[in-house]
Amino acid sequence: MEERHKRILQRNRVNLVSELNPSDMYDGLLSKGIFTQDMIDEIKRSGTRRDQARQLVRDLETRGSRAFPALIECLREKGQHSLPDLLLAGEPQSQPLPLPVHVRPVVRPLPVCKYAYVVKYHLIKVVMFITAPEREFGKPRATGRVRRDSIQSYKMDASPCGHCLIINNVDFEPQSELNNRTGSNIDCDKLERRFQSLNFIVLVKRNLKQKQIRQELSALSKKDHSQCDCCVVIMLSHGTEVSHNRFPGAVHGVDGPNVPVQLITNYLNGQNCPSLQGKPKLFFIQACGGGERDTGFEVTPDEDRPCIGGTDDQTDAMPMSSSSDSLSTPSDEPDARATLPTPSDILVSYSTFPGYVSWRDTQAGSWYVETLDNVLEDNAADNDLVTMLMMVNHEVSQNSAKGLYKQMPGSFNFLRKLLYFQVLPCQRPIQA
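Below, the structure is given as structure tokens:
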């Protein structure tokens with residue numbers, strides 16, 4: 001839908017919700033190809049007439065340039081002339097409303113150079129010889145991964161590796177007006193076993209109120225992490241949008257009030273938890289980021305395939321330099337000392353994009369946690385965390401709820417190095 005039409009709907013949302021009769025619109029919008037039957041069924045299930053009207057208007061904004069003219073036509077066909085007049089006030093009317101046009105796309109293959117990959121292959125070999133001169137020809141590549149703390153990767157070989165706090169809110173109090181989160185215990189059990197297998201001390205807390213969530217985070221920040229290499233916090237709860245200046249979103253206690261994600265991360269930052277300074281702090285948030293439902297967008301078959309990066313791609317994740325004279329404190333200052341930014345070494349992984357809902361299957365658990373668990377099981381021995389989260393993003397983005405709605409996880413990454421988990425040869429639970 002064109003931005004000007006979205007603004008018209010948003011500006012008149014109160015009148016539309018108040019006066020629109022959704023049941024009069026369904027057949028017309030279906031016959032015009034604006035909505036599918038699944039979408040209409042979903043709108044009908046949203047509740048009262050006002051709830052259905054609100055959801056219908058919201059979904060219309062995602063249905064392309066024909067959606068607004070089709071709404072006007074349907075309203076006039078049903079004799080609701082006051083709403084079209086209201087919506088078209090100030091709109092140019094010199095042209096008749098466009099009728100649906102069905103266009104068959106023409107697909108033309110792009111030219112392919114059969115020599116491109118050969119060139120990339122030889123470039124890779126040259127880079128390998130330049131950057132790794134110590135490797136002698138004929139000798140096999142060393143197996144295993146070096147886990148020492150270096151400019152490339154965090155030290156992650158302490159045993160146990162660190163603490164993992166899981167807060168699992170399932171049963172919400174009536175005054176919260178939030179539904180119980182059936183299926184969340186499945187997520188919790190999966191993540192408890194997974195992080196035990198990654199050599200973490202796992203502590204699970206269930207059904208915490210807002211004040212209790214803050215108390216548990218405060219207790220975690222006061223632990224002595226000096227013998228650990230990492231710390232993990234996992235939040236499984238209802239979520240919402242809140243104002244923020246760093247990390248979006250908030251999670252609800254079972255009593256209703258929420259705790260902002262920004263506050264959750266602050267408990268473990270370099271100022272509030274000195275024994276975790278310079279060590280990775282990981283936060284996994286399985287919660288809604290808002291109330292919007294994402295219907296996605298249509299793609300061509302080629303765009304729907306997994307994308308494979310080129311062999312000569314480079315990353316902007318360059319090692320941080322400690323020799324920048326223009327930014328460092330002059331060495332002749334009496335209080336000169338090495339410092340790091342307060343939010344450094346923090347990664348927050350969200351199950352969904354801010355503002356949108358996060359889907360959970362009551363029998364199998366949430367899309368995000370199920371995928372995260374599978375990806376960690378299959379790839380933690382060989383891949384770094386950020387790469388695995390990209391795998392999670394891709395896998396979850398392929399799912400569809402009720403054949404219609406989509407979900408897109410993402411993360412805010414302030415890590416300074418690559419992070420490789422320990423993987424125990426067999427699961428050996430560590431008592432909290």
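Heads up: the sequence shown is residues 1 to 432, going by UniProt numbering.
Just so you know, even glycine gets a beta-carbon here, dropped at the ideal spot from N, CA and C.
These figures come from a predicted structure and were not determined experimentally.
Can you check whether the CB of residue 71 is closer than 9 Å to the CB of residue 86?
-> As a working note, residue 86 is residue 86 in the sequence shown. As a working note, residue 71 is residue 71 in the sequence shown. No; because the gap between Cβ atoms is not below 9 Å, this pair is not in contact.
Option nearest residue 424 by Cα separation, candidates 407, 380 and 398 | For the purposes of this step, residue 424 is identified with residue 424 of the sequence shown, where counting begins at 1. Measuring from the Cα of residue 424, the nearest candidate turns out to be 380.
So the alpha helix (DSSP H) residue 392 belongs to, where does it begin and stop?
-> Taking the first residue of the sequence shown as 1, we reach residue 392 at position 392. In the DSSP assignment, residue 392 falls within the alpha helix (DSSP H) that extends over 385–397.
What is the DSSP secondary structure of residue 252, counted as helix, strand or coil?
-> Position 252 of the sequence shown holds residue 252. Strand.
Count the other C-beta atoms from every protein chain shown that fall within 10 angstroms of the C-beta of residue 21, then say buried if there are 16 or more, exposed otherwise.
-> The residue you call residue 21 lines up with position 21 of the sequence shown. It is exposed - the Cβ of residue 21 has fewer than 16 other Cβ atoms within 10 Å.
Thinking C-alpha only, which one of 419, 47, 184 and 362 is nearest residue 383?
-> Locating residue 383 in the sequence shown gives position 383, counting from the first residue. That would be 419, whose Cα lies nearest to the Cα of residue 383.
Residue closest to residue 213, alpha-carbon to alpha-carbon, out of 153, 237 and 176 = Position 213 of the sequence shown holds residue 213. Residue 237 is the option with its Cα nearest to residue 213.
Of all the options 19, 221 and 371, which has the alpha carbon lying nearest to the alpha carbon of residue 482?
-> Because the chain here runs from 1 to 432, residue 482 falls outside it and cannot be looked at.
Is it right to say residue 433 is buried, meaning 16 or more other beta carbons lie within 10 angstroms of its own, or is it exposed?
-> The displayed coordinates of the chain run from 1 to 432. Any statement about residue 433 would go beyond what the structure contains.
With a CB to CB cut of under 8 Å and the five nearest residues on each side skipped, what residues in its chain are close to residue 393?
-> The residue you call residue 393 lines up with position 393 of the sequence shown. The beta carbon of residue 393 sits closer than 8 Å to the beta carbons of 408, 409 and 410 from its chain, once the five residues preceding and following it are set aside; these are given in chain order.
Of all the options 258, 395, 220 and 234, which has the alpha carbon lying nearest to the alpha carbon of residue 241?
-> As a first step, residue 241 must be located in the sequence shown, where it is residue number 241. Ranking 258, 395, 220 and 234 by Cα distance to residue 241 puts 258 first.
Segment contact, 8 Å Cβ cut-off, at least three pairs: the region 344–353 with the region 261–269 = Between the region 344–353 and the region 261–269 there are three or more C-beta pairs closer than 8 Å, enough to call the two in contact.
Selected residue, minimal CA-CA separation from residue 54, among 9, 35 and 65 | Indexing the sequence shown from 1 puts residue 54 at position 54. The shortest Cα separation from residue 54 among 9, 35 and 65 belongs to 9.
What is the residue span of the alpha helix (DSSP H) that residue 188 lies within?
-> If you number the sequence shown from 1, residue 188 lands on position 188. Per DSSP, residue 188 belongs to the alpha helix (DSSP H) from 184–197.
Per-residue DSSP class, three states only, for residue 34 = The residue you call residue 34 lines up with position 34 of the sequence shown. The three-state reading of DSSP puts residue 34 in coil, since its state is none of H, G, I, E or B.
Apart from the five residues on each side of it in sequence, which residues of its chain come closer than 6 Å, Cβ to Cβ, to residue 362?
-> Within the sequence shown, the letter at position 362 stands for residue 362. Only 182 and 183 meet the Cβ criterion.
Would you mind sorting residue 63 into buried or exposed? The rule is 16 or more other CB atoms within 10 Å of its CB.
-> Indexing the sequence shown from 1 puts residue 63 at position 63. The residue is buried, with at least 16 neighbouring Cβ atoms inside 10 Å.
Start and end residues, beta strand (DSSP E) containing residue 168 = As a first step, residue 168 is located in the sequence shown; it is residue number 168 there, counting from the start. Here the beta strand (DSSP E) through residue 168 covers 162–168.
Can you pull the DSSP bridge partners for residue 346?
-> Taking the sequence shown and counting its residues from 1, the one referred to as residue 346 is at position 346. In the DSSP output, where bridge partners are listed per residue, residue 346 has 281.
Taking residue 230 as part of the alpha helix (DSSP H), name the residues at either end of that continuous run.
-> Locating residue 230 in the sequence shown gives position 230, where the first residue counts as 1. Residue 230: not part of any alpha helix (DSSP H); member of the beta strand (DSSP E) spanning 230–236, first to last residue.
For the putative contact between residue 286 and residue 366, defined by C-beta atoms under 8 Å, what is the C-beta separation to the nearest angstrom?
-> The sequence position of residue 286 within the sequence shown is 286, counting from 1. The sequence position of residue 366 within the sequence shown is 366, counting from 1. Cβ atoms of residue 286 and residue 366 come within 8 Å of each other, at about 5 Å.
Return helix, strand or coil for residue 369, following the three-state DSSP convention.
-> As a first step, residue 369 is located in the sequence shown; it is residue number 369 there, counting from the start. Residue 369: helix per DSSP, three-state reduction.
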